[in-house]
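Per this note's numbering, the sequence shown starts with residue 69, numbered consecutively.
Backbone N, C-alpha and C define an ideal beta-carbon position, used for all residues, glycine too.
These numbers were taken from a predicted model, which means no experiment stands behind them.
Notes for the one structure printed next.
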Amino acid sequence: MAEALLEHHSGGTIRARSAGSHPKPLHPNAVRVMAESGIDISTRTTKHMDRFRQTRFDRVITLCDKVREICPEFPGAAAVTAHWSMPDPASEGATDEMSYPAFRRTAEELESRIPFLIGELTLSTERRNVQ
Numbered sequence: 069m070a071e072a073l074l075e076h077h078s079g080g081t082i083r084a085r086s087a088g089s090h091p092k093p094l095h096p097n098a099v100r101v102m103a104e105s106g107i108d109i110s111t112r113t114t115k116h117m118d119r120f121r122q123t124r125f126d127r128v129i130t131l132c133d134k135v136r137e138i139c140p141e142f143p144g145a146a147a148v149t150a151h152w153s154m155p156d157p158a159s160e161g162a163t164d165e166m167s168y169p170a171f172r173r174t175a176e177e178l179e180s181r182i183p184f185l186i187g188e189l190t191l192s193t194e195r196r197n198v199q
């Protein structure tokens, strides 16, 4: 959801990558919540973070406390790491219907943080272009 929201709200000017330590198939509630916001993620796939071990990033943001502890170092001095502690919404209910509110809350939390990240990334890019 974070990857899709960041790309959507930046108008595609920011490329985001999302990965996990133990990726599971895309959760139906993630697809549902994003569709309610007009974003189709139904064809996206989940990825393991090892896939990006050699990728250079401007920012690395972890969302899950467990991933924060095991997140690998990424190459390049430009990577700035931040942690947005958010519970896994899939673990907040025995059924999809029970976990749906947690997915909604997670999307809302991401929606509130992403504009600040976009502003920070935009300012950082402008600074690099001036120097």
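Contact between residue 69 and residue 87 does not hold, since their C-beta atoms are separated by about 13 Å, which reaches or exceeds 8 Å. Taking the Cα positions, residue 124 is about 21 Å away from residue 132. Apart from the 5 residues on each side of it in sequence, residue 75 sits with its Cβ closer than 6 Å to the Cβ of 84 in its chain, given in chain order. The way I'd put it, the stretch 171-181 does touch the stretch 154-161; three or more beta-carbon pairs between them come closer than 8 Å.
Distance from the CA of residue 116 to the CA of residue 142, rounded to the nearest whole angstrom, comes to 14 Å. In this model, residue 192 and residue 182 are separated by some 15 Å (Cα to Cα).
Sequence-distant Cβ neighbours of residue 107 in its own chain, meaning closer than 6 Å and more than five residues away, are 72, 76. Sequence-distant partners of residue 113 (beyond 5 residues in either direction) whose C-beta falls short of 8 Å from its own C-beta, in its chain, are 94. Only residues of its own chain outside the window of five on either side were considered, and among them 99 have a CB closer than 6 Å to the CB of residue 110, listed in chain order. With a threshold of 16 other beta carbon atoms within 10 Å, residue 102 meets it and is buried.
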